[in-house]
Ligand code: GLV
Ligand code: MN
Ligand code: MN
């Protein structure tokens, strides 16, 4: 029998929302939430998450890359685990729900299972991944890559905007980066990875649905482009004799927008740009900007990356400026596992919600986790599809429905192979 939101689960939605509000307080200054990897705010959030995990009957620890892992034991010791989680970090001036929702909700669900004395033949581990957004060091999926065994230790030498190398930032944060290599989990001990996340798009809201099961996660390529021209006097160099790096970048950005508007499911974004020397009366000699290109179809994305690069080369050659492009992140799309999609969908139906399947245009830790285990995702409706923005919003009612679905999924969970 299903308990309704007015019955056993009456406090579920408000409890989850209260915890999400509490986590959002660990933020750098500015609008919305800014919680970057290996910062004081990350440490504060990690401590609160661990205390919630312990209250919910789990053991909890932080690993060598800054992930927080809580384990709810099975009926037997050393049982394989169902992994559930999402990321604790945010973009700059992001919302309260991207990532955090997928940490708080499973912990709250496990608290309910623990209070009811329910245990399963499998363990459940809730993971709060340290860095999915890649804001501080431009390298994303750090925590999930460590667990999936694909962490590239070369990224430890990359520096943040203050010039601090990642390895040093991790030591200052209080973890030992030398231990990251040993975080890789053998596939044998993992039954699957499931993430609950806000949709970050408008589909569910438009269709008046609270929940959706994700079919696939779009792949993405991230690049940094540096255009070098020649700085000069803004008052004396005639327009025809300039090698202005910033106007070349402007033309390049419009070319990216044009090309990425040409195919369904293809998107391209320039999210950051800087110009040097950066004075009102100096022609910019250098412009540096990021390019993020994604598509549901990896072949379409690869073709777009090649075409955009070629077009920017042509623009730069015509304008007499030099171009250097660095691809700093590349992730193929990831198909969700049909058996996990089926079980998530059965849980959605069991709590009385209509089934819906949709793909994810946003990136998620599942892309890394897919290397080591099968991946499933449940999306929750968010207001106006707004995300990566302080106005990100969900309702307590939808939070409760997502938690009831997760509880139902866990209670009925059938591993792909016998334990
Ligand atoms: C992560 O949120 C991404 O898709 O950029
Ligand atoms: Mn995000
Ligand atoms: Mn996210």
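In my numbering, the protein residues as written are 10 to 428.
Beta carbons: idealized from backbone N, C-alpha and C, even for Gly.
TODO: Return the CA-CA distance between residue 303 and residue 211, expressed in angstroms with no decimal places.
DONE: Taking the straight line from one Cα to the other gives about 18 Å.
Open item on the list: Quick check: the stretch 136-155 against the stretch 90-99, are at least 3 beta-carbon pairs closer than 8 Å?
Closed with: The answer is yes - the stretch 136-155 touches the stretch 90-99, with three or more Cβ pairs under 8 Å.
Task: Straight-line gap, residue 294 to residue 331 (C-alpha atoms, nearest Å) - done: The straight-line gap from Cα to Cα measures roughly 10 Å.
- [ ] Starting from residue 260, trace the alpha helix (DSSP H) both ways and give me its first and last residue.
- [x] 254-269 is the span of the alpha helix (DSSP H), which, as asked, contains residue 260.
- [ ] Note down the Cα distance separating residue 441 from residue 388, rounded to an integer number of angstroms.
- [x] Nothing can be reported for residue 441: it is not among the residues displayed for the chain, which extend from 10 to 428.
TODO: Using only the heavy atoms of ligand 1, determine whether one of them is closer than 7 Å to the beta carbon of residue 142.
DONE: True, at least one ligand heavy atom lies under 7 Å from that Cβ.
Open item on the list: Using only Cβ atoms and a threshold of 5 Å, which residues come within that distance of a heavy atom of ligand 1? Order them by chain position.
Closed with: Working through the chain, the matches are 371, 372.
Task: Chain-order list of residues whose beta-carbon lies under 6 Å from that of residue 397 (same chain, five-residue window excluded) - done: Residues of the same chain with a CB within less than 6 Å of the CB of residue 397, apart from the 5 flanking positions on each side, are 100, 103 in chain order.
- [ ] Indicate whether residue 226 and residue 251 have their beta-carbon atoms separated by less than 8 Å.
- [x] No, Cβ-Cβ distance for residue 226 and residue 251 is not below 8 Å.
- [ ] Answer with buried or exposed for residue 105, where buried requires no fewer than 16 other C-beta atoms within 10 angstroms of its C-beta.
- [x] Residue 105 comes out buried.
Task: residue 79 versus residue 354 - alpha carbon distance - done: Pairing residue 79 with residue 354, the inter-Cα distance amounts to about 25 Å.
TODO: Report whether the distance from the Cβ of residue 206 to the nearest heavy atom of ligand 3 is below 7 Å.
DONE: Within the cutoff, so yes.
Task: Bridge partner(s) assigned by DSSP for residue 235 - done: Bridge partners of residue 235: 297, 333.
Open item on the list: If you reduce the DSSP assignment to three classes, tell me which class residue 89 lands in.
Closed with: Under the three-state reduction of DSSP, residue 89 is assigned to coil, being neither helix nor strand.
Open item on the list: Using 8 Å as the threshold, is the C-beta distance between residue 186 and residue 196 below it?
Closed with: No.
Task: Residue from 280, 230, 377 whose Cα sits closest to the Cα of residue 312 - done: The option with the nearest alpha carbon to residue 312 is 230.
Task: Minimum C-alpha distance to residue 53 - residue among 215, 125, 139 - done: That would be 139, whose Cα lies nearest to the Cα of residue 53.
Task: Chain-order list of residues whose beta-carbon lies under 6 Å from that of residue 110 (same chain, five-residue window excluded) - done: So the qualifying residues of the chain are 207.
Task: Same chain, Cβ closer than 8 Å to residue 130, neighbours up to 5 away in sequence not counted - done: These residues qualify, in order along the chain: 83, 84, 85, 88, 428.
- [ ] Return yes when the C-beta of residue 100 is under 7 Å from any heavy atom of ligand 2, and no when it is not.
- [x] Yes - ligand 2 has a heavy atom lying nearer than 7 Å to the Cβ of residue 100.
TODO: Could you please give the first and the last residue of the uninterrupted beta strand (DSSP E) stretch that includes residue 415?
DONE: Here residue 415 belongs to no beta strand (DSSP E); instead the alpha helix (DSSP H) covers 405-421.
- [ ] Could you tell me whether the stretch 415-422 touches the stretch 111-119, where touching means 3 or more Cβ pairs closer than 8 Å?
- [x] Put simply, the stretch 415-422 touches the stretch 111-119. At least three CB pairs are less than 8 Å apart.
Task: Cβ pair residue 74, residue 199 closer than 8 Å - done: Cβ atoms of residue 74 and residue 199: not closer than 8 Å.
TODO: Report all residues from its chain with a CB closer than 6 Å to the CB of residue 189; omit the five preceding and five following residues, and keep chain order.
DONE: 73, 74, 155, 160.
Task: Residues with C-beta closer than 5 Å to any heavy atom of ligand 3, in chain order - done: Those satisfying the condition are, in chain order, 107, 108.
TODO: Classify residue 70 as helix, strand or coil using the three-state DSSP reduction.
DONE: Here residue 70 sits in strand by DSSP.
TODO: Tell me whether the beta-carbon of residue 265 lies closer than 8 Å to the beta-carbon of residue 279.
DONE: Going by C-beta atoms, residue 265 is nearer than 8 Å to residue 279.
Task: Cα-Cα separation between residue 320 and residue 239, rounded to whole angstroms - done: Between the alpha carbons of residue 320 and residue 239 lies a distance of about 21 Å.
Task: Helix, strand or coil at residue 424 according to DSSP, with G and I counted as helix - done: When DSSP states are grouped into helix, strand and coil, residue 424 belongs to the coil group.
Open item on the list: Under DSSP, the alpha helix (DSSP H) around residue 142 begins and ends at which residues?
Closed with: Counted as a single uninterrupted DSSP element, the stretch harbouring residue 142 is not any alpha helix (DSSP H), since DSSP gives it neither H nor E.
TODO: Could you round the C-beta distance between residue 350 and residue 222 to whole angstroms and report it? I think they count as a contact, below 8 Å.
DONE: Here residue 350 really is in contact with residue 222; their C-beta atoms are around 5 Å apart, less than 8 Å.
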